[in-house]
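Peer 1:
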Amino acid sequence: MNPYDNRAKVVVLIFFISFIIWNEPIFAQTNVWQAGVARVEITPKDSLWLAGYASRDHVVEGTLHKLWAKALAIKDGNGELGVLITADLLGLPKSISDNIRTQCKKKYNLEKSQIILSSSHTHSGPVLSESLFVVYPLTSEQIEKIDSYSVQLEKQIIDLIGQVLENMLPSQLYSNNGVVRFQVNRRNNDASELTVQTHLNGPNDYAVPVLEVRKTNGDLFATAFGYACHPTVLDSYQWSGDYPGFSQLALEELYPDMTALFFQGCGADQNPLPRHSVSLAKQYGQELAIAVERVIEDESESIQSVLVTGYSEVSLYFASPPDKETLERISEDTTVVYQQKWAKQMLRKMKEGQSLPTSYPYPVQIWKLGNQTIIALGGEVVIDYAIALKRIFGNDIFVMSYCNDVMGYIPSLRVLREGGYEGAEAQMVYDLPATWQADTEVRIISEVIKLAQEMGVEIPKSKLFQK
Ligand SMILES: [Zn+2]
126 MNPYDNRAKV VVLIFFISFI IWNEPIFAQT NVWQAGVARV EITPKDSLWL AGYASRDHVV
186 EGTLHKLWAK ALAIKDGNGE LGVLITADLL GLPKSISDNI RTQCKKKYNL EKSQIILSSS
246 HTHSGPVLSE SLFVVYPLTS EQIEKIDSYS VQLEKQIIDL IGQVLENMLP SQLYSNNGVV
306 RFQVNRRNND ASELTVQTHL NGPNDYAVPV LEVRKTNGDL FATAFGYACH PTVLDSYQWS
366 GDYPGFSQLA LEELYPDMTA LFFQGCGADQ NPLPRHSVSL AKQYGQELAI AVERVIEDES
426 ESIQSVLVTG YSEVSLYFAS PPDKETLERI SEDTTVVYQQ KWAKQMLRKM KEGQSLPTSY
486 PYPVQIWKLG NQTIIALGGE VVIDYAIALK RIFGNDIFVM SYCNDVMGYI PSLRVLREGG
546 YEGAEAQMVY DLPATWQADT EVRIISEVIK LAQEMGVEIP KSKLFQK
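So the sequence shown is numbered by this note's numbering: it starts at 126 and just counts up by one.
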């Protein structure tokens, strides 16, 4: 037997094995998802109150651009399904979110873990039922209109989910992080000093998480992208999505066959500065769109078609409410109207013997798409959480906030100790009885780690035990 025969066989075998490992078409099946995208216009037809500022004193006057709810559905090779909803809204209260999720279970058999309800936090959208009523001077007629819009909105989002589930096609997903730097830490910089400041104080997270959805022929048809920054460029009386609205418009103009979906990050203490003009909202929108375009144009690896979803609620506890004397003092002080109103309500509740809540069920959600981890948190979460979670899970993760239930600000221990708006005063805006307890950050981060471990999300051990 010629020894060269065996060598030839080995070479052929090595070639064949390398072909199996490296040649994509053989494994292409594992990267094929089903995905769909849909949208519905949610611009109110009625003249409603605009959400987000206590200083507005009348209803809407017109529309700068339309408001949208958009849906992206993804299904992996095993049939595991997830639906991301993004909307040009300040934030969904628990009541609306629960109604939507209950209906989705009944109609589409979707669990809470499979639906992410994300709001952009635009401050130029409508006030919704049971949200922040303490800050707006609403008449009963206004409240009626808000309630009927909210009922309609619930129905529109439920129908939108039904629609997207009917329209899914074979797709490939890609993810990566871009960067843009217009967010400014609003607690640690003075907006009036910015023109002379050469150094801006952090902390910040400038990441622009991007999820691309392409047909199997490579055509891009949906992009979900995020940024951590308050949509508070505008404070006028016109409906708009603020800078995220302009960003989605710019991307959809750039890629006419693509739907762009924006999700808010942990931007509770980040503002777009300077602000207060339509041209600035457009500028930031375009800056963000260009950052997304860069990621789209750069090569990235496709995501393995494996989806794992997880959801849990962790109790966050309130500190003791202020005593009667303190509440009486606040209720007589006319300098900040919403604080006065809050104190009066608290005194009334105490007088009527109503028991005040001592804890809140805080929603934590994780999606794992192949190796891409997405963490979705409720409330207005400060940037420290994105930084902490990236230290634990790595810089490639996406961190969303304003998801599923926007019940208040979620300060880190640092921000809680410092106090100020995000640490203390905003609790009154949300009609909460007191500040959060000191263990809030630890409870949330621990819950995320626990859920991630249950779902098999990899956590580098060195990171887990790091200080
Ligand atoms: Zn806010």
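The beta carbon of each residue, even a glycine, is placed where N, CA and C say it ideally should be.
#1: Do the stretch 268-277 and the stretch 167-182 touch if we need at least three Cβ pairs shorter than 8 Å?
#2: Taking 8 Å as the cut-off, decide whether the C-beta atoms of Gly644 and Val335 are in contact.
#3: Could you compute how far the alpha carbon of Thr466 sits from the alpha carbon of Ser480?
#4: To test your reading of the DSSP string, which unbroken alpha helix (DSSP H) runs of 4 or more residues are found completely within the stretch 207-273?
#5: Compute the beta-carbon to beta-carbon distance between Cys504 and Ser526, rounded to the nearest angstrom, for a pair I have assumed lies under 8 Å.
#6: Can you say whether Ser440 is buried or exposed, counting buried as having 16 or more other CB atoms within 10 angstroms of its CB?
#7: Would you mind working out which of Leu538, Leu398, Glu543 sits nearest Arg568, comparing C-alpha positions?
#8: Which residue wins for smallest C-alpha separation from Arg312, given the options Val507, Lys515, Tyr487?
#9: Among Ile415, Trp158, Ser254, which one has its Cα closest to the Cα of Glu378?
#10: Mind checking Pro585: buried by the 16 CB within 10 Å criterion, or exposed?
#11: Does the pairing of the stretch 290-298 with the stretch 249-261 give three or more beta-carbon distances under 8 Å?
#12: Should the stretch 380-387 be regarded as contacting the stretch 218-228, the criterion being three or more beta carbon pairs within less than 8 Å?
#13: Check Gln552 in the structure and name its three-state DSSP category.
#14: Classify Asn396 as helix, strand or coil using the three-state DSSP reduction.
#15: Using CA coordinates, which residue listed in Gln552, Ile167, Ile428 is at the minimum distance from Pro447?
#16: Spatial neighbours of Val417 within its chain, please: CB distance less than 8 Å, with the 5 preceding and 5 following residues excluded, ordered by chain position.
#17: Assuming contact is defined by CB atoms lying nearer than 8 Å, are Gln239 and Thr498 in contact in what I supplied?
#18: Could you name each continuous alpha helix (DSSP H) segment of 4 residues or more that falls completely within the stretch 420-502, going from the start of the chain to the end?
#19: Using the Cα positions of Gln429 and Leu215, report the straight-line distance between them to the nearest angstrom.
#20: Enumerated in chain order, which unbroken segments of the beta strand (DSSP E) with a length of 3 residues or greater are wholly contained in the stretch 344-412?
#21: I want to check one thing, is the minimum distance from the CB of His401 to the heavy atoms of ligand 1 below 7 Å?
#22: Helix, strand or coil for Tyr510 per DSSP?
#23: Any heavy atom of ligand 1 within a distance shorter than 7 Å of the CB on Glu505?
#24: Which value, in whole angstroms, describes the spacing of the CA atoms of Pro356 and Ser249?
#25: Distance, Cα to Cα, Glu594 vs Asn520?
#26: Output yes or no for whether 8 Å exceeds the beta carbon distance between Lys191 and Thr168.
#27: Tell me whether His355, by its Cβ, gets closer than 7 Å to a heavy atom of ligand 1.
#28: Excluding five sequence neighbours on each side, which residues of the same chain lie with their C-beta closer than 7 Å to the C-beta of Asn597?
#29: What I want to know is whether the C-beta of Ala179 ends up closer than 7 Å to one or more non-hydrogen atoms of ligand 1.
#30: With 16 as the cutoff for other CB atoms within 10 Å, does Glu236 come out buried or exposed?
#31: Considering Glu166, what are the terminal residues of the beta strand (DSSP E) in which it resides?
#32: Checking the sheet assignment: what are the DSSP bridge partners for Leu122?
#33: For the alpha helix (DSSP H) containing Lys575, name the first residue and the last one.
#34: Helix, strand or coil for Met126? Go by DSSP, reduced to three states.
#35: Where do the N-terminal and C-terminal ends of the beta strand (DSSP E) with Leu298 fall, by residue?
#36: Just to confirm the assignment, what range does the alpha helix (DSSP H) spanning Glu543 have?
Peer 2: If we stick to the structure as given:
#1: Here the stretch 268-277 lies against the stretch 167-182, with 3 or more beta-carbon pairs under 8 Å apart.
#2: Residue 644 is absent from the model: the chain starts at 126 and stops at 592.
#3: The residue labelled residue 466 in the question sits at position 341 within the sequence shown. The residue labelled residue 480 in the question sits at position 355 within the sequence shown. The identity of residue 466 in the sequence shown is Lys, whereas the question assumes Thr. As the crow flies, the alpha-carbon of Lys466 is around 19 Å from that of Ser480.
#4: Every unbroken stretch of the alpha helix (DSSP H) spanning 4 or more residues and falling wholly within the stretch 207-273 is given here in chain order: 219-233.
#5: Here residue 504 is taken as the residue at index 379 of the sequence shown, counted from 1. Here residue 526 is taken as the residue at index 401 of the sequence shown, counted from 1. Reading off the sequence, residue 504 comes out as Gly, not Cys. About 7 Å; that satisfies the 8 Å criterion.
#6: As a first step, residue 440 must be located in the sequence shown, where it is residue number 315. It counts as exposed.
#7: Against the sequence shown, residue 568 aligns to sequence position 443. Nearest option by C-alpha distance: Leu538.
#8: The sequence position of residue 312 within the sequence shown is 187, counting from 1. Answer by Cα proximity: Val507.
#9: To locate residue 378, count along the sequence shown from 1; it is residue 253. Ranked by Cα distance from Glu378, the first of Ile415, Trp158, Ser254 is Ile415.
#10: Numbered from its first residue, the sequence shown carries residue 585 at position 460. So Pro585 counts as exposed.
#11: Short answer: they don't touch.
#12: Not touching, per the Cβ criterion.
#13: For the purposes of this step, residue 552 is taken as residue 427 along the sequence shown, with counting starting at 1. In this structure, Gln552 counts as helix in the three-state DSSP scheme.
#14: In the sequence shown, counting from the first residue as 1, residue 396 sits at position 271. The three-state reading of DSSP puts Asn396 in strand, counting E and B together.
#15: One-based indexing of the sequence shown puts residue 447 at position 322. Nearest C-alpha to Pro447 among Gln552, Ile167, Ile428: Gln552.
#16: For the purposes of this step, residue 417 is taken as residue 292 along the sequence shown, with counting starting at 1. Counting only Cβ-Cβ distances below 8 Å, and skipping sequence neighbours, we find Gly303, Val333, Val335, Thr348, Phe350, Ser372, Leu376, Ala385.
#17: Counting from one through the sequence shown, the residue named residue 239 turns up at place 114. Counting from one through the sequence shown, the residue named residue 498 turns up at place 373. Their beta carbons are not under 8 Å apart, which means Gln239 does not touch Thr498 by this criterion.
#18: Whole alpha helix (DSSP H) segments, 4+ residues: 449-457, 462-476.
#19: One-based indexing of the sequence shown puts residue 429 at position 304. One-based indexing of the sequence shown puts residue 215 at position 90. CA-CA distance, Gln429 to Leu215, rounds to 33 Å.
#20: If one requires a minimum length of 3 residues, the beta strand (DSSP E) runs lying completely within the stretch 344-412 are 345-352, 384-389, 395-397, in chain order.
#21: Along the sequence shown, one-based indexing puts residue 401 at 276. Because no heavy atom of ligand 1 lies under 7 Å away, the Cβ of His401 does not count as near it: no.
#22: Taking the first residue of the sequence shown as 1, we reach residue 510 at position 385. Helix at Tyr510.
#23: Numbered from 1 along the sequence shown, position 380 holds the residue referred to as residue 505. It does: the Cβ of Glu505 is within 7 Å (strictly closer) of some heavy atom of ligand 1.
#24: The residue you call residue 356 lines up with position 231 of the sequence shown. The residue you call residue 249 lines up with position 124 of the sequence shown. Distance between the alpha carbons of Pro356 and Ser249 is about 9 Å.
#25: For residue 594 there is no data in the structure shown, the boundaries of the chain being 126 and 592.
#26: Here residue 191 refers to the residue found at position 66 of the sequence shown. Here residue 168 refers to the residue found at position 43 of the sequence shown. In contact: Lys191 and Thr168 (Cβ atoms closer than 8 Å).
#27: What you label residue 355 is simply residue 230 of the sequence shown in a count that begins at 1. For ligand 1, a non-hydrogen atom lies closer than 7 Å to the CB of His355.
#28: This structure gives no information on residue 597, because the portion of the chain shown stretches from 126 to 592.
#29: The sequence position of residue 179 within the sequence shown is 54, counting from 1. The nearest non-hydrogen atom of ligand 1 is 7 Å or more from the C-beta of Ala179.
#30: For this step, residue 236 is matched to residue 111 along the sequence shown. So Glu236 counts as exposed.
#31: Here residue 166 is taken as the residue at index 41 of the sequence shown, counted from 1. Annotation: the continuous beta strand (DSSP E) that includes Glu166 extends over 158-166.
#32: Outside the shown range of the chain (126 to 592) lies residue 122, about which nothing can therefore be said.
#33: Walking along the sequence shown from the start, residue 575 turns up at place 450. Here the alpha helix (DSSP H) through Lys575 covers 565-580.
#34: Translated into positions along the sequence shown, residue 126 becomes position 1. Because Met126 carries a pLDDT of 49, less than 50, the predicted location of this residue cannot be relied on, and no value is offered for it.
#35: Taking the first residue of the sequence shown as position 1, residue 298 is located at position 173. Where Leu298 is concerned, the enclosing beta strand (DSSP E) stretches over 294-304.
#36: In the sequence shown, counting from the first residue as 1, residue 543 sits at position 418. 538-543 is the extent of the alpha helix (DSSP H) around Glu543.
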